[in-house]
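Participant: Dumping the structure here so I can ask a few things about it.
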Amino acid sequence: MDFPILSLITFFPLAGAIFLIFIHRDRKNLLRSLAFGVTLINFIFSLILYFHFNPQASEIQLVEKGAWIGYGLKYHIGIDGLSLFLVLLTTFLMPIAILSSWSSIQNKVKEYFIFMLILETGIIGVFVSFNLFLFYVFWEAMLIPMYFLIGTWGGRRRIYATLKFVLFTMFGSLLMLVAIFVLYSLSNNSFNLFDLYKLSIPPNIQIWLFLAFAISFAIKVPLFPFHTWLPDAHVEAPTAVSVILAAVLLKMGAYGFLRFALPLFPDAVKRFLPLLFVLCLISIIYGGLMALIQKDIKSLVAYSSVSHMGLIMLAIFSLNTEAVEGAIYQMLSHGLSTGALFLIVGILYERAHTRLIKDFGGVSSQMPVFSAFFLICMLSSVGLPGLTGFIGEILCIFGIFKTNKLLAILGISTVVLAAAYLLWAFQRIMQGPIKNEKILSFKDVNKREIAYLVPIIIMMFWMGIYPTPFLKRMDNYVNELLNKVNKEERILIRTEKDNKLLFKIENLPNKEKNKEKEEETR
Amino acid sequence: MNNIFALLPLLIIVFSSLLILILEVFLKKENKNYLGFLSLFFLIICAITCVKFWDKGFSYFNGSLLLDKLSLFFFFIFAIAISFVVLLCMKYISLQDVNHGELYSLLLLALSGMMIMVSSSDLLVIFLGLEVLSISSYALAGLKRKDKKSSEAAIKYFLLGSFASAFFVYGLALLYGVSRSTNISSIINTFKSSSDLSLMAPIGLGLVIIGFGFKIAVVPFHMWTPDVYEGAPTPITAFFSVGPKAVGFVVLLRIFSPYWKAALESQTIFLLIWIISALTMLVGNLIALRQTNLKRILAYSSIAHAGYIMVAILSKDNSSLLFYLTAYLFMNIGAFAAVIALSKKGTEYLELEDYAGVGFKYPWIGATFSIFLFSLAGFPPTAGFLAKFYVFSAAVKEGLVLLVIIGVLASLISVFYYLRIIVYMYMKEPSREITINLENPALFLVLFLCLYGVLQLGIFPGNVLLVIREAVTSLVPLF
């Protein structure tokens, strides 16, 4: 396609933001509708990507190249099986996030939506850049709207939270910047990712470069011990920002590992794998245990993200086809289910103006429809078969099992812990006697709230029941990645290639059975 | 090519300065704004002349006044900077009671000093320019005559500045003793050719560097900066933070670009500058964390930026240095313009507390100021990011990885205090109401132009980079 559709999707929200500047600040509903319109149109544009994407092609698609600044700093964007879905996730959740902030944001509405739109451009830019410099520009630029969104519209400790978020992220990305400079000089002034993939970097340099990249991405994911910014940022951020933060921004860390840290420094990865495994396991268990003892629903969901992202990273580091595909799939489903959980918390907060679990109880008798939504989202996050979380988790654990049995057994604790803290939280909030008189006045979800929850629920079921269209588009990307990281793996895939697709669709029920068996034996 | 026309840009500026001084006597007080327009007119003519002379390569006084591309580039940049400062002054001087035509005249005189300094490769002539610049700067710092802080600034600047000049002259004398010349390239040639160099040579060079270290305010020669910046009238502070600094760096560039090539055993000097650079970045940023006065924050930030530019000198990448100076000009003058915007008759709002809520009360000022601060902090897609990017990437290429790590960590520290200003503007509830005078079209023009510069250099710097790359070609050493 000659038409620069990808640039359009990237910069359309920015154009929308510039347009919003000229609307008078008192016309709040117009501002909201325009922001919603822009993001919705952008989602429709991005659907074109989905249908135009050729699952058979192994190279990146819809490439756009331009000279831009020159000296290696080029405009180079495209999509492959990884970025396609992350872009779609972003454009899908953005209109939802805007809808969810319709009534909860009443002050400084204009600036809020401007920053939301700028944020969307930044995020999409990160996912489509194939020039390291361009990637870095988007990666850093995205911090600015995030900083304002948490700092201006956040809760009581918002300034602390937003500064912590920015400084943590900056710390990582500045170290990464130094590593980028080293890569730049090693590659003879090229930032083109494909030139960089071809470099053979001496292992002793690789170690340092990998460390710099890995710390930056680990902060973003976040992996233990770099996770401390996350609960603060989540608790203080407004609902819509929490949604985007959990659903998309955390994925950037995982994306960074997949796109840069692993394929660029394969030797260093091998050396650091044991350490990374341990960090992932600590994240899983620590995040889960922390979630159990949280008093605030939002920080409960935040810690559950730490735990889930730990599993995703564990799967990525297992470096086999099932695991990496499962990780990408789980990234999407975690985006949906955690995003939805934050929306749920936001809905509760709008009614009760508190997020402490002890203030709730018996809400389901007042809000039956809401209760159903909550239940589905929660079960999806726990990983109930038929919902999206299940497919992702099962693939992840399968892959991990192939690499290391002990890791898989320990990794399963994500699911167990998730069941524990989420079900317990659900029970305390929704069931039992009504503890608080305020709950009697709660109104059930209104049409707007239903309108933004239903698409997510539909996607949860779709991805839970029929995952093939998604997995099919990831295959080539995952093979390419593993080729780069793992030379032994390449041979393996070649022998397996013929029955690979069959394996995926038909063996899935078996996998479920295996999973059940596994849990029984535990 | 020896040509009398080489003097033209300089003559225009000196003539306009003197003309304004004379007119000042005859003009009535309410008509003094015309002096500003007049100086703008001459500055524009000067800038146009520079563009016309770009390829000519004129020189005069046996090459001691050389209009190579480097100096023309900086003539142009300085003309822009001074025009910005003049525009900033127009309203400011009547609001803050510094209503003197001398201000414009002194600014232009300072410009002529800067022009002499950048266009010469003879240290004695450079000293001449330095004195013209310094003496007008001392006077400019003290222009708020009824303000004690302003007088303090002038005295401090004068005393320390004179010491620095003395260091410089003494160093120059030693260098002359070694090489029997005051021309930079022949001095460096002596360094290169003589096998057993007397101790005088490195000491002399060291003293010259100290003299300029004072001008560009690098640690440990930075003590004067915060007080002078705080006391001087704000547009003048904007000028101090950009003009003398840039000049100092250009001279250092002229000294070092042949020096790196000539002296293989430059380890001591190299190490010295390495340490100065690291210290400057760290100390400047760390002290800025504790400041609550906007002018002092920007003063320490300008010290830190001098540290980053020193990295460019060490990495021997001249074009990144020029780019940094250009970007720094736009973002720093822009930031000062925003600070000046927050003032009314007789009052300037300079404490962080005053900025609470400004972002929503005055959205345009708040937004532009934020962009300048993001640029100073080095966020993309602004000029500040690209400038740091070029400097640090060149440094890594030269193998200065440790210095770059110190640099990026220092800029991480800087993010905190730049963002703190934004925190106040957007995220704090105002504790006291401030009202400002918004009828200041000249100032908004400067804000707009600086914003344009910051974004243009940050997103599409292509043409400027081309010009810069051409400008540094004239730095190729003579041997």
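Protein chains in written order, with this note's numbering: chain E, 1337 to 1858; chain Y, 1076 to 1554. Even glycine gets a Cβ: it sits at the ideal position worked out from N, Cα and C. The structure displayed is predicted, hence computed values, not measured ones.
(1) Shorter than 8 Å from the beta carbon of residue 1064/Y to some beta carbon of chain E?
(2) Buried or exposed for residue 1749/E, going by 16 or more other Cβ atoms inside 10 Å?
(3) For the beta strand (DSSP E) that contains residue 1520/Y, what are its first and last residues?
(4) Mind listing, in chain order, the continuous beta strand (DSSP E) runs of no fewer than 3 residues lying wholly within the segment 1392-1473 of chain E?
(5) Between 1444/Y, 1077/Y, 1156/Y, which lies nearest to residue 1143/Y when the distance is taken from Cα to Cα?
(6) Listing by chain order, which chain Y residues have their CB less than 9 Å from the CB of residue 1350/E?
(7) Return no unless some Cβ of chain Y is closer than 8 Å to the Cβ of residue 1521/E.
(8) With DSSP collapsed to three states, give me the class of residue 1485/E.
(9) Please report the straight-line C-alpha distance between residue 1546/E and residue 1611/E, rounded to a whole angstrom.
(10) Rounded to a whole number of angstroms, what is the C-alpha to C-alpha distance between residue 1531/E and residue 1700/E?
(11) Return no unless some Cβ of chain Y is closer than 8 Å to the Cβ of residue 1477/E.
(12) For residue 1140/Y, which residues does DSSP report across the bridge?
(13) Can you name the start and end residues of the alpha helix (DSSP H) that residue 1388/E belongs to?
(14) I need the straight-line Cα distance from residue 1517/E to residue 1348/Y, nearest angstrom please.
(15) Rounded to the nearest angstrom, what separates residue 1437/E and residue 1547/Y at their Cα positions?
(16) Could you tell me which of 1441/E, 1415/E, 1378/E sits nearest to residue 1367/E, measuring between CA atoms?
(17) Return no unless some Cβ of chain Y is closer than 8 Å to the Cβ of residue 1491/E.
(18) For residue 1407/E, which option in 1801/E, 1650/E, 1470/E, 1604/E has the closest C-alpha, if you only look at C-alpha atoms?
(19) Compare the Cα-Cα distances from residue 1527/Y to each of 1271/Y, 1401/Y, 1200/Y, 1139/Y and report the closest residue.
(20) Give me the residue from 1379/E, 1598/E, 1376/E with the minimum Cα distance to residue 1818/E.
(21) Can a CB atom of chain Y be found closer than 8 Å to the CB of residue 1484/E?
(22) Starting from the C-beta of residue 1766/E, find all residues in its chain whose C-beta is less than 6 Å away, skip the five residues before and the five after it, and write them out in chain order.
(23) What do you reckon, are the CB atoms on residue 1352/Y and residue 1386/Y nearer than 8 Å?
(24) Leaving out five residues on either side along the sequence, give the residues of the same chain with a beta carbon under 7 Å from the beta carbon of residue 1801/E.
(25) Please identify, using Cβ separations under 9 Å, the residues of the segment 1492-1504 of chain E that lie next to chain Y, in order along the chain.
(26) Can you pull the chain Y neighbours of residue 1488/E, defined as C-beta to C-beta under 7 Å?
(27) If the criterion is Cβ atoms closer than 8 Å, does the pair residue 1208/Y and residue 1250/Y meet it?
(28) Alpha carbon to alpha carbon, what distance is there between residue 1166/Y and residue 1088/Y?
(29) Do residue 1647/E and residue 1713/E have their C-beta atoms closer together than 8 Å?
(30) Residues of the segment 1430-1451 of chain E with a CB closer than 7 Å to any CB of chain Y: list them in chain order, please.
(31) Residues of chain Y with CB under 9 Å from residue 1517/E, in chain order?
(32) Does residue 1506/E get closer than 8 Å to chain Y when you measure Cβ to Cβ?
(33) Say whether chain E places a C-beta atom closer than 8 Å to the C-beta of residue 1546/Y.
(34) Quick check on residue 1542/E: buried or exposed, where buried means 16 or more other Cβ atoms within 10 Å of its Cβ?
(35) DSSP three-state label for residue 1723/E, please.
(36) What is the rounded straight-line gap between the Cα of residue 1354/Y and the Cα of residue 1557/E?
Facilitator: Working from what's here:
(1) Nothing can be reported for residue 1064/Y, as the shown portion of chain Y is limited to 1076 through 1554.
(2) Your numbering for residue 1749/E matches position 413 in the first sequence. Residue 1749/E comes out buried.
(3) Within the second sequence, residue 1520/Y is the residue found at index 445, counting from 1. Residue 1520/Y -> not in any beta strand (DSSP E); alpha helix (DSSP H) instead, spanning 1516-1534.
(4) Complete beta strand (DSSP E) runs here, min 3: 1397-1406, 1409-1415.
(5) Position 68 of the second sequence, counted from the first residue, corresponds to residue 1143/Y. Considering only 1444/Y, 1077/Y, 1156/Y, the residue with the shortest C-alpha distance to residue 1143/Y is 1077/Y.
(6) On the first sequence, residue 1350/E is found 14 positions in, with the first residue counted as 1. Neighbours of residue 1350/E in chain Y, taken as residues at a C-beta separation under 9 Å, are lacking, since the least C-beta distance is about 11 Å.
(7) In the first sequence, residue 1521/E corresponds to position 185, counting from 1. Chain Y, which has a Cβ nearer than 8 Å to the Cβ of residue 1521/E, makes this yes.
(8) For the purposes of this step, residue 1485/E is taken as the residue at position 149 of the first sequence. Here residue 1485/E sits in helix by DSSP.
(9) In the first sequence, the residue the question calls residue 1546/E occupies position 210. In the first sequence, the residue the question calls residue 1611/E occupies position 275. Taking the straight line joining both Cα atoms gives about 13 Å.
(10) On the first sequence, position 195 is the one that residue 1531/E refers to. On the first sequence, position 364 is the one that residue 1700/E refers to. The straight-line gap from Cα to Cα measures roughly 57 Å.
(11) The residue labelled residue 1477/E in the question sits at position 141 within the first sequence. Contact with chain Y is found for residue 1477/E, since one of that chain's Cβ atoms lies less than 8 Å from the residue's Cβ.
(12) By 1-based counting over the second sequence, the position of residue 1140/Y is 65. 1135/Y, per the DSSP bridge assignment.
(13) For the purposes of this step, residue 1388/E is taken as the residue at position 52 of the first sequence. Note, residue 1388/E: alpha helix (DSSP H), 1364-1388.
(14) As a working mapping, residue 1517/E is identified with position 181 in the first sequence. As a working mapping, residue 1348/Y is identified with position 273 in the second sequence. Taken atom to atom, the span from the alpha-carbon of residue 1517/E to that of residue 1348/Y is near 22 Å.
(15) Taking the first sequence and counting its residues from 1, one reaches residue 1437/E at position 101. Taking the second sequence and counting its residues from 1, one reaches residue 1547/Y at position 472. One Cα belongs to residue 1437/E, the other to residue 1547/Y, and the distance between them is close to 53 Å.
(16) The residue labelled residue 1367/E in the question sits at position 31 within the first sequence. Checking every option, the nearest Cα to that of residue 1367/E belongs to 1441/E.
(17) Counting from 1 along the first sequence, the entry for residue 1491/E is found at position 155. Proximity of residue 1491/E to chain Y, defined by a Cβ-Cβ separation below 8 Å, is not satisfied.
(18) What you label residue 1407/E is simply residue 71 of the first sequence in a count that begins at 1. Looking at the Cα atoms, 1470/E is the closest of the given residues.
(19) Numbered from 1 along the second sequence, position 452 holds the residue referred to as residue 1527/Y. The option with the nearest alpha carbon to residue 1527/Y is 1401/Y.
(20) Along the first sequence, one-based indexing puts residue 1818/E at 482. Checked all of 1379/E, 1598/E, 1376/E; the closest Cα to residue 1818/E is 1598/E.
(21) Taking the first residue of the first sequence as position 1, residue 1484/E is located at position 148. Chain Y, which has a Cβ nearer than 8 Å to the Cβ of residue 1484/E, makes this yes.
(22) Here residue 1766/E refers to the residue found at position 430 of the first sequence. Sequence-distant partners of residue 1766/E (beyond 5 residues in either direction) whose C-beta falls short of 6 Å from its own C-beta, in its chain, are 1699, 1700, 1707.
(23) Numbered from its first residue, the second sequence carries residue 1352/Y at position 277. Numbered from its first residue, the second sequence carries residue 1386/Y at position 311. Result yes, Cβ atoms of residue 1352/Y and residue 1386/Y sit closer than 8 Å.
(24) Taking the first sequence and counting its residues from 1, one reaches residue 1801/E at position 465. Counting only Cβ-Cβ distances below 7 Å, and skipping sequence neighbours, we find 1722.
(25) Along the segment 1492-1504 of chain E, going in chain order, the ones with a CB nearer than 9 Å to a CB of chain Y are 1494, 1495, 1498, 1499, 1502, 1503.
(26) Here the question's residue 1488/E lines up with position 152 in the first sequence. Those within 7 Å of residue 1488/E in chain Y are 1501, 1502.
(27) By 1-based counting over the second sequence, the position of residue 1208/Y is 133. By 1-based counting over the second sequence, the position of residue 1250/Y is 175. Cβ distance not < 8 Å, so residue 1208/Y and residue 1250/Y don't count as in contact.
(28) As a working mapping, residue 1088/Y is identified with position 13 in the second sequence. As a working mapping, residue 1166/Y is identified with position 91 in the second sequence. Each residue's CA atom was taken as its position, placing residue 1088/Y and residue 1166/Y some 23 Å apart.
(29) Along the first sequence, read from residue 1 onward, the residue named residue 1647/E stands at position 311. Along the first sequence, read from residue 1 onward, the residue named residue 1713/E stands at position 377. The answer is no: Cβ separation not under 8 Å.
(30) Of all residues in the segment 1430-1451 of chain E, 1444 have a Cβ within less than 7 Å of some Cβ in chain Y.
(31) For the purposes of this step, residue 1517/E is taken as the residue at position 181 of the first sequence. Per Cβ cutoff of 9 Å: 1464, 1467, 1468, 1469, 1470, 1471, 1472, 1476, 1479.
(32) Here residue 1506/E is taken as the residue at index 170 of the first sequence, counted from 1. Cβ-Cβ to chain Y under 8 Å: yes for residue 1506/E.
(33) Position 471 of the second sequence, counting from 1, holds the residue named residue 1546/Y. Among the CB atoms of chain E, none fall inside 8 Å of the CB of residue 1546/Y.
(34) Stepping through the first sequence from its first residue, residue 1542/E is reached at position 206. By the neighbour-count rule (16 or more Cβ atoms within 10 Å), residue 1542/E is buried.
(35) Residue mapping note: residue 1723/E aligns to position 387 of the first sequence, counting from 1. Annotated three-state conformation of residue 1723/E is coil, per DSSP.
(36) Locating residue 1354/Y in the second sequence gives position 279, counting from the first residue. Locating residue 1557/E in the first sequence gives position 221, counting from the first residue. The C-alpha of residue 1557/E is placed about 34 Å away from the C-alpha of residue 1354/Y.
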